[in-house]
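Participant: Numbering (the numbering used here), first residue to last: 615 to 1452. All C-beta atoms in this analysis are idealised placements derived from N, C-alpha and C, irrespective of residue type, glycine included. All figures in this text were calculated on a predicted structure; none of them were measured in a lab. First, the structure itself, so that you have it in front of you.
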Ligand SMILES: [Zn+2]
Ligand SMILES: [Zn+2]
């Protein structure tokens, strides 16, 4: 559509006092978006108002990200979903609570601090290390915040929080003490997943399983019945071997069961057991039970009450229990032990295998299992309760619910909540140095750091000693971030507010953190408050590169959010997030999608400018004029669109909402209607008056509605156009403080849609033929012959005048024909031929 040339000729009937349009002729996203972002922030239009009791609240519990300094496309997609909902709900009249937090503590920050400053945390003081972490975190937060702001997210920045701030971690400590009082926490020595690089316990949710190549080696164990061969990929665990086991149904080894075997190199006598968990088909069918090679070893050690040989220390080095191998790393020990086994002729064949190993999700070091004293939360006994509440929550899409249930059921260990790190929420507990009695902090002592502060109590209640040892561990970072729903809602001080905001209406997060974020939130809040912390969980898929693989820097398919915004603007990137795929499924990042979004914005901008210029003498307060067929056609479609879009937003189907509105705008409004009514808008035309006013009425309402429907997806351009639309009219606030459109049932009219479609089709067919002949749309045609079915022909006869005006035709001949042979024929002597059938 070439609108700019027409601008000056339209709507010249301007009333006195009306200003000229302030919109620049070209849509420039870079200046426009930044200035709107600033203006929204200054006007505080996204603030939650706790005093406002007139509107229902809508609370969104957004997962606080790790301040990594990077806001990648996956984050952009996450936050787009949060923001689409926040904006939609605000327009639906809700007092929206949309906070933004930062999950500061944790392994990633420590690992990064060590790498950035090339230090090991052991080499500096706790205070110094914490200071470095806080500084780094603060810088990273600022970077990510800037990226979020440039995406135009409607976050209420007054509700920003950082889990490393004392006022926040005080609440983490308070919740710890409450769970302790309820008997849901305990300290005990149990095997846990351990990262030797990070030197800390980690939870099952932090273990990433990957396929890795290894060597399977056959080791000979001597027994009184002859040698037993054990195939293992971890020969370094031979010194920790405490039993052999075979499957009870495995006839080959029946006579060995109950006898003893000798562990090579360390010469320890160990029992030969039978257990149905042994896979007779793997290797020789005989397995070593070591403490602890894997989780099955943990189970067997417990089941058969086998001794524990603590083979590894915190750094993954072999301990004194390994005898001559003490002090070696796992890698060194493997080589030394295999060499020694070979010298002792205890090694048979070996072969390469691929097997699954657990790695630390942050540093990718293979995870070991260590038995150390830790704090645990009794989550395993909560499984039934978690499943029950999970079933009561609305999950979008539905399959994400099963992910949660399967995860909850798959856990065999309690949640290990202590970490052997420095940058974390301190565990608010001391122990009496003399008798070992535990002394938890009192609520009023919080926040407290027992690593450096003594308890305020005078003496131990059991033995009267005044010497205490503070707990040296910190909490798992998920202990900080899994109480956000309650903290946002005002717990523990603003209980009136808590009733309104808890549970959160929406828990939006990525598919990848169901097992952490959704699970831990559920467990913590059920334990503390007896109910699920959220009503609806909205899950987004992952972003893939254009090549279909996960977007990752090492794959060369990585795109920076800032690059995309700089090229095409946030409103284009947001359209990609909305329309790029179905909610909950992975979506590819394609530049073409973003570019398409940008083209749509240009189309919308140009169309809106044309419409706005024709509306300068339009007064929406006047009664509805008599509407023409095409007006009724467009308005009926528009009101159906409102229904479609509303339903789509209600069910979080952003792609459906976006596509429907873009299609309507691009095709029905711009390609068809605008082209068809231009002649009615020219001032001074004989069709002036009612006919002109009804076109203005239709354009005004249509533009008003589509801007609102697009506002959650494209907040910048819609606000700019909306304020212009209402600039000289009473309502002139931001579109984002205005209401979502309601379908006007009186304007939904099937008959007009059907009839209008016939007229529109004939017009577009004429336009198509003209364009094929490389003729201007204004090129006059002397005579036009339209052949079409009888019922359609009669509709057309009623609108011949309109078609003559729109298509610039002198004479139209309408010929009724049989079904399937209709077409538009243009006059022969103008060298036109038959157009395609339609
Ligand atoms: Zn690690
Ligand atoms: Zn004591």
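State the Cα-Cα distance for the pair residue 590 and residue 932, rounded to the nearest angstrom.
Facilitator: With the chain covering only 615 through 1452, there is no way to say anything about residue 590.
Participant: Just to confirm, is the Cβ distance from residue 830 to residue 897 under 8 Å?
Facilitator: Start at 1 with the first residue of the chain shown, and residue 830 comes out as number 216. Start at 1 with the first residue of the chain shown, and residue 897 comes out as number 283. Yes, Cβ-Cβ distance for residue 830 and residue 897 is below 8 Å.
Participant: Do you know whose CA, among 1406, 791, 1232, 1156, lies nearest residue 1341's CA?
Facilitator: On the chain shown, residue 1341 is found 727 positions in, with the first residue counted as 1. Residue 1341 has its Cα closest to that of 1232, out of 1406, 791, 1232, 1156.
Participant: Can you tell me whether residue 688 is helix, strand or coil according to DSSP?
Facilitator: Here residue 688 refers to the residue found at position 74 of the chain shown. Here residue 688 sits in helix by DSSP.
Participant: Just confirm the distance between the C-beta atoms of residue 997 and residue 1015, as a whole number of angstroms; I'd bet it's less than 8 Å.
Facilitator: By one-based count along the chain shown, residue 997 stands at place 383. By one-based count along the chain shown, residue 1015 stands at place 401. That belief does not hold up - the Cβ atoms of residue 997 and residue 1015 are roughly 15 Å apart, past 8 Å.
Participant: Please determine, among 1308, 1290, 988, the residue with the shortest C-alpha to C-alpha distance to residue 1418.
Facilitator: Start at 1 with the first residue of the chain shown, and residue 1418 comes out as number 804. Per the Cα distances, 1290.
Participant: Write down the C-beta distance between residue 922 and residue 915 rounded to the nearest angstrom, noting that I regard them as a contact closer than 8 Å.
Facilitator: Residue mapping note: residue 922 aligns to position 308 of the chain shown, counting from 1. Residue mapping note: residue 915 aligns to position 301 of the chain shown, counting from 1. That belief holds up - the Cβ atoms of residue 922 and residue 915 are roughly 6 Å apart, short of 8 Å.
Participant: Could you check how far apart the C-beta atoms of residue 1098 and residue 678 are, in whole angstroms? I think they sit under 8 Å.
Facilitator: Looking up residue 1098 in the chain shown gives position 484. Looking up residue 678 in the chain shown gives position 64. Right, the Cβ-Cβ distance comes to about 7 Å (below 8 Å), so this counts as a contact.
Participant: Going along the chain, which unbroken runs of the alpha helix (DSSP H) with 4 or more residues stay wholly within the stretch 761-825?
Facilitator: Qualifying alpha helix (DSSP H) stretches, in chain order: 780-795.
Participant: In chain order, what residues of the same chain lie with their CB nearer than 6 Å to the CB of residue 854, ignoring the 5 residues before and after it?
Facilitator: Residue numbering aside, residue 854 sits at position 240 when the chain shown is read from its first letter. The residues are 904, 905, 923, 925.
Participant: Our contact map puts residue 1330 next to residue 1249 with C-beta atoms below 8 Å; I'd like the distance itself, whole angstroms only.
Facilitator: By 1-based counting over the chain shown, the position of residue 1330 is 716. By 1-based counting over the chain shown, the position of residue 1249 is 635. At roughly 27 Å, the Cβ-Cβ gap does not stay under 8 Å, so residue 1330 and residue 1249 are not in contact.
Participant: Distance check for residue 1137 and residue 952, CA to CA, integer angstroms please.
Facilitator: Looking up residue 952 in the chain shown gives position 338. Looking up residue 1137 in the chain shown gives position 523. In a straight line, the C-alpha of residue 952 is about 45 Å away from that of residue 1137.
Participant: Kindly give me the distance between the Cβ atoms of residue 1328 and residue 1188, rounded to whole angstroms, as I take these residues to be in contact under 8 Å.
Facilitator: In the chain shown, counting from the first residue as 1, residue 1328 sits at position 714. In the chain shown, counting from the first residue as 1, residue 1188 sits at position 574. Correct: roughly 6 Å between the Cβ atoms.
Participant: Which of helix, strand or coil does DSSP assign to residue 1253?
Facilitator: In the chain shown, the residue the question calls residue 1253 occupies position 639. Here residue 1253 sits in helix by DSSP.
Participant: Is residue 723 near ligand 1, judged by its Cβ being under 7 Å from some heavy atom?
Facilitator: For the purposes of this step, residue 723 is identified with residue 109 of the chain shown, where counting begins at 1. The answer is no for residue 723.
Participant: DSSP beta-bridge partners for residue 974?
Facilitator: Taking the chain shown and counting its residues from 1, one reaches residue 974 at position 360. Its beta-bridge partners are 821.
Participant: Based on DSSP bridge pairs, tell me the residues matched to residue 1046.
Facilitator: As a working mapping, residue 1046 is identified with position 432 in the chain shown. 1082, per the DSSP bridge assignment.
Participant: Are residue 1017 and residue 1128 close, meaning C-beta to C-beta below 8 Å?
Facilitator: Residue mapping note: residue 1017 aligns to position 403 of the chain shown, counting from 1. Residue mapping note: residue 1128 aligns to position 514 of the chain shown, counting from 1. Yes, the Cβ-Cβ distance between residue 1017 and residue 1128 is below 8 Å.
Participant: Please report the Cβ distance between residue 1087 and residue 1019, rounded to the nearest whole angstrom; I am assuming they are in contact, meaning their Cβ atoms lie under 8 Å.
Facilitator: Residue 1087 sits at position 473 when you count from the first residue of the chain shown. Residue 1019 sits at position 405 when you count from the first residue of the chain shown. The pair is not a contact, with the Cβ atoms about 31 Å apart (cut-off 8 Å).
Participant: Any contact of the stretch 640-660 with the stretch 1331-1340, i.e. 3+ C-beta pairs under 8 Å?
Facilitator: Counting Cβ pairs under 8 Å, three or more are found: they touch.
Participant: Could you please go through the chain and list the residues whose beta-carbon is closer than 6 Å to any non-hydrogen atom of ligand 1?
Facilitator: Those satisfying the condition are, in chain order, 809, 811, 812, 974, 976, 977, 979.
Participant: Hey, which residues come within less than 6 Å of ligand 2, measuring from Cβ to any heavy atom, in chain order?
Facilitator: Ordered along the chain, the selected set is 1046, 1048, 1049, 1051, 1074, 1076, 1077, 1079.
Participant: What do you reckon, is the C-beta of residue 785 under 7 Å from a heavy atom of ligand 4?
Facilitator: Ligand 4 is not among the ligands present in this structure, which contains only ligand 1 and ligand 2.
Participant: Pairs of beta-carbons, one from the stretch 691-703 and one from the stretch 739-749, closer than 8 Å: are there three or more?
Facilitator: The stretch 691-703 is not in contact with the stretch 739-749.
Participant: Quick check on residue 1432: buried or exposed, where buried means 16 or more other Cβ atoms within 10 Å of its Cβ?
Facilitator: The residue you call residue 1432 lines up with position 818 of the chain shown. Flag for residue 1432 reads exposed.
Participant: Flag this pair as touching only if the stretch 1112-1125 and the stretch 1051-1059 have three or more C-beta atom pairs under 8 Å; answer yes or no.
Facilitator: Short answer: they don't touch.
Participant: Take the Cβ of residue 645 as the centre, count every other Cβ of all protein chains shown within 10 Å, and call the residue buried at 16 or more, exposed below.
Facilitator: Within the chain shown, the letter at position 31 stands for residue 645. Looking at its Cβ environment, which holds fewer than 16 other Cβ atoms inside 10 Å, residue 645 is exposed.
Participant: Can you list, in chain order, the residues of its chain with a C-beta nearer than 6 Å to that of residue 1225? Leave out the 5 residues immediately preceding and following it.
Facilitator: The residue you call residue 1225 lines up with position 611 of the chain shown. Excluding positions up to five away in sequence, the list reads 1313, 1317.
Participant: Mark residue 758 as exposed unless 16 or more other C-beta atoms lie within 10 angstroms of its C-beta, in which case mark it buried.
Facilitator: Looking up residue 758 in the chain shown gives position 144. Buried, since its Cβ has 16 or more Cβ neighbours within 10 Å.
Participant: Do residue 567 and residue 832 have their C-beta atoms within less than 8 Å of each other?
Facilitator: Nothing about residue 567 can be read from this structure; the chain reaches only from 615 to 1452.
Participant: With a 10 Å radius around its C-beta and 16 neighbouring C-beta atoms as the bar for buried, classify residue 638 as buried or exposed.
Facilitator: Locating residue 638 in the chain shown gives position 24, where the first residue counts as 1. Exposed: under 16 other Cβ atoms inside 10 Å.
Participant: Evaluate residue 907 with the Cβ neighbour count: other Cβ atoms within 10 Å of its Cβ, from every protein chain shown; 16 or more gives buried, anything less gives exposed.
Facilitator: What you label residue 907 is simply residue 293 of the chain shown in a count that begins at 1. Buried is the call here.
Participant: Thinking just about the alpha-carbon of each residue, which of 680, 701, 700, 864 is nearest to the one in residue 724?
Facilitator: In the chain shown, residue 724 corresponds to position 110, counting from 1. Residue 680 is the option with its Cα nearest to residue 724.
Participant: On the DSSP letters alone, give me the boundaries of the beta strand (DSSP E) that residue 856 sits inside.
Facilitator: Sequence index remark: in the chain shown, residue 856 carries index 242 (1-based). First-last of the beta strand (DSSP E) with residue 856: 855-860.
Participant: Leaving out five residues before and five after residue 1160 in sequence, what residues of the same chain have Cβ atoms less than 8 Å from its Cβ?
Facilitator: For the purposes of this step, residue 1160 is taken as residue 546 along the chain shown, with counting starting at 1. Counting only Cβ-Cβ distances below 8 Å, and skipping sequence neighbours, we find 1171, 1202, 1203, 1204, 1205.
Participant: Quick check: the Cα distance between residue 1465 and residue 871, rounded to an integer number of angstroms?
Facilitator: Nothing about residue 1465 can be read from this structure; the chain reaches only from 615 to 1452.
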